[in-house]
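Below is one structure, written out as C-alpha cells, with a few remarks after it.
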Amino acid sequence: AQSVSQHNHHVILSEAASLELGCNYSYGGTVNLFWYVQYPGQHLQLLLKYFSGDPLVKGIKGFEAEFIKSKFSFNLRKPSVQWSDTAEYFCAVNRRTNAGKSTFGDGTTLTVKP
Amino acid sequence: EAGVTQFPSHSVIEKGQTVTLRCDPISGHDNLYWYRRVMGKEIKFLLHFVKESKQDESGMPNNRFLAERTGGTYSTLKVQPAELEDSGVYFCASSSVQGKYQETQYFGPGTRLLVL
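Taken in order, these protein sequences are the chains called A and B. When we follow the working numbering, the leftmost residue of the first sequence carries the number 588, and every step to the right adds one. When we follow the working numbering, the leftmost residue of the second sequence carries the number 128, and every step to the right adds one.
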C-alpha cells in the first residue's frame with residue numbers, strides 16, 4: 588500500500604524566514620502529487636499540484652514544490668513566509684491509474700510568529 | 128461557483144446513536160469522495176462515487192458505515208450505531224476529470240463528529 592510521510596509535524600518560523608516542508612511517498616509507479624492547506628477555521632484548499640511536465644511547480648501565494656522522482660519526494664517551499672501562512676499543510680498522492688483515491692500525509696502545522 | 132458544502136458542521140452524539148452526514152458536491156462534478164481524519168492523524172480515504180455508483184469503497188471501516196448517492200447529486204454517510212472511535216472530521220470532496228488520469232479534488236469544510 589502506498590504511504591505518504593511528512594517529516595515535520597510542527598514547524599515554527601519567524602516572518603520572512605524561508606520554508607521547506609518535506610514530503611516523501613512510497614509508491615513506485617506514476618503518481619499525481621498535491622499540497623493542500625487548511626487555514627484556521629477554513630476548509631482544505633489546493634495549494635499546488637503536479638501531474639506531469641516541469642517538476643518545479645508553482646502554486647498560489649508564492650508557494651512552489653519540486654518533484655524529485657528518484658527521491659520519491661515533493662517538498663513544498665516558500666522563500667519568505669508571512670504570519671498569514673500559519674496553517675496546516677497536507678501532502679497528498681494518488682496513483683495515475685486510480686486518480687481519485689488520494690493518500691495523505693499526517694499534516695504539518697506551520698506557525699509563523701509576527 | 129458554489130463550493131462543496133457539508134452538513135452539519137458539527138455533531139455530538141452518544142455511543143450507539145445514529146448520525147447522517149450530508150455532502151453537496153460542486154454542480155456538475157460526477158466524482159464524489161468521502162475522507163476521514165481521526166485525532167490529528169492522516170486524512171484517510173473512505174470511498175468514491177462516480178455519479179450514483181460506488182467506484183471504490185475499500186476505505187470504509189466496517190458495515191456500520193453506509194454511503195449513498197441517490198440520483199448522482201448529493202451524498203449521505205450514515206454511521207449506525209456510532210462508536211467512540213468514529214469521532215473525527217469527515218471530509219467530502221468532488222471533482223470532474225480534467226484529462227486522462229488527471230483530476231483535482233475540491234474539499235468541503237468537513238463535519239466534526241464527536242461520539243461520547
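Glycine residues also receive a C-beta, built at the ideal position from the N, C-alpha and C atoms.
V618 (chain A) places its beta carbon less than 7 Å from that of V680 (chain A). The C-alpha of G215 (chain B) lies about 6 Å from the C-alpha of R239 (chain B).
Taken through DSSP and simplified to helix, strand or coil, D693 (chain A) comes out as coil. At least one CB atom of chain A sits nearer than 7 Å to the CB of I170 (chain B).
Going by C-alpha positions, Q669 (chain A) is about 25 Å away from S660 (chain A). Boundaries of the beta strand (DSSP E) around Y217 (chain B): G215 to S222. Residue state for E169 (chain B) is assigned as coil, using DSSP reduced to three classes. A contact between stretches requires three or more CB pairs, one per stretch, nearer than 8 Å, and the segment 142 to 150 of chain B meets this requirement with the segment 199 to 208 of chain B. Taking a beta-carbon distance threshold of 7 Å, D641 (chain A) does not count as an interface residue toward chain B. Taking the CA atoms as reference points, Y233 (chain B) sits about 17 Å from G694 (chain A).
With the criterion set as a beta carbon lying under 7 Å from some beta carbon of chain A, the members of the segment 146 to 176 of chain B are N158, Y160, K168, E169, I170, F172 and H175, in sequence order. Taken in chain order, the members of the segment 608 to 622 of chain A whose beta-carbon sits within less than 9 Å of a beta-carbon on chain B are T617, N619 and F621.
With a threshold of 16 other beta carbon atoms within 10 Å, K700 (chain A) falls short and is exposed. Look at R683 (chain A) here: in three-state DSSP terms it is helix. What P236 (chain B) touches in chain A, judged by beta-carbon distance under 8 Å, is Q629 and H630, going in chain order.
For L606 (chain A), the CB contacts under 6 Å within the same chain, skipping 5 residues up- and downstream, are K665 and V668 in chain order.
DSSP places R164 (chain B) inside the beta strand (DSSP E), whose first and last residues are N158 to R164. Around the beta carbon of V206 (chain B), 16 or more other beta carbons sit within 10 angstroms, so the residue counts as buried.
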